[in-house]
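Engineer:
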Amino acid sequence: MNSEMDISQHHVLTQRALELGRSGDPACVPELIRLLGMPSAGIRRLAASALAKLADFGADAALCVAALAPVALRDPHPQTRQYALRALKCYGAEARDYLPDLDDLAANGTVKDYVRKAADSAATGIREAIRLQQEDAVHKCTRCGREVSPEEHGRSQQAFQRTFCDACFDEVFLERRNFDTKVELNKTIIAKAGALVQSDGERLIADWFSMHGIAYRYDERFRILSGHAIRPDFYLPELDVYVEYWGMDTADYKIGMLKKQQLYQHEGKRLISIHPADKPRLDEVLRTKLSFFGYHIPASRGRTTAP
Ligand SMILES: [Zn+2]
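Numbering (the working numbering), first residue to last: 13 to 319.
(1) Could you pull out every residue in the same chain whose Cβ sits closer than 6 Å to the Cβ of residue 36, ignoring the five residues on either side in sequence?
(2) Considering residue 255, what are the terminal residues of the beta strand (DSSP E) in which it resides?
(3) Determine which residues share a DSSP beta bridge with residue 152 and list them.
(4) Going along the chain, which residues put their C-beta within less than 6 Å of some heavy atom in ligand 1?
(5) Taking all protein chains shown into account, do 16 or more other C-beta atoms lie within 10 angstroms of the C-beta of residue 106, making it buried, or fewer, making it exposed?
(6) Within the continuous beta strand (DSSP E) that includes residue 110, where are the two ends?
(7) For residue 214, tell me which candidate among 223, 224, 230 has the shortest Cα-Cα distance.
(8) Cutting at 6 Å between CB atoms, please list the residues of its own chain near residue 89, excluding the five before and the five after it.
(9) So if DSSP puts residue 283 in a beta bridge, which residue, or which two residues, is it bridged to?
(10) Looking at C-alpha atoms only, which residue of 144, 77, 257, 20 is the closest neighbour of residue 285?
(11) Residue 288 to residue 159, Cα distance in whole Å?
(12) Please list, in chain order, all residues of the same chain as residue 221 whose beta carbon is under 8 Å from its beta carbon, the five residues on each side excluded.
(13) For residue 145, collect the residues of the same chain with a Cβ closer than 7 Å to its Cβ; drop the 5 residues on either side in sequence, then sort them by chain order.
(14) Identify every residue that forms a DSSP beta bridge with residue 229.
(15) In its own chain, which residues sit with a C-beta less than 8 Å from the C-beta of residue 165, not counting the 5 before and 5 after it?
(16) Exposed or buried, which one is residue 86 when buried takes at least 16 other CB atoms within 10 Å?
(17) By a C-beta neighbour count over all protein chains shown, 10 Å radius and 16 as the cutoff for buried, is residue 217 buried or exposed?
(18) Mind checking whether residue 93 and residue 99 have CB atoms under 8 Å apart?
(19) Starting from the C-beta of residue 67, find all residues in its chain whose C-beta is less than 6 Å away, skip the five residues before and the five after it, and write them out in chain order.
(20) Use the C-beta contact count for residue 319: other C-beta atoms within 10 angstroms, 16 or more gives buried, fewer gives exposed.
(21) The alpha helix (DSSP H) spanning residue 103 covers which residue range?
(22) For a quick check, are the C-beta atoms of residue 132 and residue 118 less than 8 Å apart?
(23) Helix, strand or coil: how does DSSP classify residue 18 here?
(24) Would you kindly report the start and end of the unbroken alpha helix (DSSP H) that includes residue 56?
(25) What does the alpha-carbon distance come out to for the pair residue 316 and residue 180?
(26) For residue 124, does the three-state DSSP call read helix, strand or coil?
(27) Where residue 314 and residue 255 are concerned, what is the direct C-alpha to C-alpha distance, given to the nearest angstrom?
(28) For residue 29, which of helix, strand or coil comes out of DSSP?
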């Protein structure tokens, strides 16, 4: 007991600390934290003990840990430290930041054995709580929403950097493989320069580039624009221009086309769009569109499709 506190006041606060500990009411935390700062070591000990009990009743863990840690590590009264250390252990993973201090305390030969043991026990308990927390982390399949096991999570993260359940993993894997295969199978039309293209329109475009000595890359792998994977039809590395041939006419395809065009625009990429209707006058269209970017292609003799 401390001289600053008379006997009756000490008795009242002792009873209060015991009462709050038994209450199971997490709303008592602020009052207990005040008691944890009292001059009486006995009251501090009871407050620490009460905070430990409230851990199971949903007390604000961050708040409790912040109040308990200084007492656990530095209280002049060893028994108070012991109780604060036990309480800290009850808040488990929330006390992770104090692990180095607890390890130091457990190894400190100048403090009482029971304080060192309590520090060691707290550190062990906190580490175990962290481990369980990591194990229990709930991951959900981003495709179907089902909860996935840690194994499923690990495997799909490694393969796709996304979380998929095993069933969705297989489907996504097949979808991607089929998509790649389909594109390969579609590349049956051989352009003049030897590039395999997917359609007659693409062949005309590829031939036009070859004829004018314009280097192009056809069907590059995916590029990421604004987080979306897109696959440009042609890229002209010397001019830094993308050329897309919008060969299909379905609604889905048109939505994809608009989205793709917005992405190019958003990224400041230079895009030339060619549509099936441009085919009869492809030379003129490409020539005109390239001139917008400042590239003037010398007229080729007698091989223009323009009327
Ligand atoms: Zn799934």
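Glycine included, every Cβ here is placed at the ideal spot set by N, Cα and C.
Structural biologist: Let's see:
(1) 69
(2) 253–257
(3) 159
(4) 153, 155, 156, 158, 176, 177, 179, 180
(5) With 16 or more Cβ atoms within 10 Å of its Cβ, residue 106 is classed as buried.
(6) Looking at the DSSP string, residue 110 is not in any beta strand (DSSP E), and its letter there is neither H nor E.
(7) Measuring from the Cα of residue 214, the nearest candidate turns out to be 230.
(8) Same-chain partners within the cutoff: 53.
(9) 254
(10) 257
(11) 46 Å
(12) 205, 227, 228, 246, 248
(13) Cβ neighbours of residue 145 beyond the five flanking positions: 105.
(14) When beta bridges are read from the DSSP output, residue 229 appears opposite 247.
(15) 151, 175
(16) exposed
(17) With 16 or more Cβ atoms within 10 Å of its Cβ, residue 217 is classed as buried.
(18) no
(19) 102, 103
(20) In this predicted model, residue 319 has a pLDDT of only 35, less than 50, meaning its place in the structure is not dependable; the value taken from the coordinates is given anyway. Looking at its Cβ environment, which holds fewer than 16 other Cβ atoms inside 10 Å, residue 319 is exposed.
(21) Under the DSSP assignment, residue 103 falls outside any alpha helix (DSSP H); it carries neither an H nor an E label.
(22) yes
(23) coil
(24) 53–66
(25) Its pLDDT being 41, under 50, residue 316 is placed unreliably in this model, and the coordinates cannot settle the point.
(26) coil
(27) Caution is warranted here: a pLDDT of 42 is assigned to residue 314, below 50, making its placement in the model unreliable, and no coordinate value can be reported.
(28) helix
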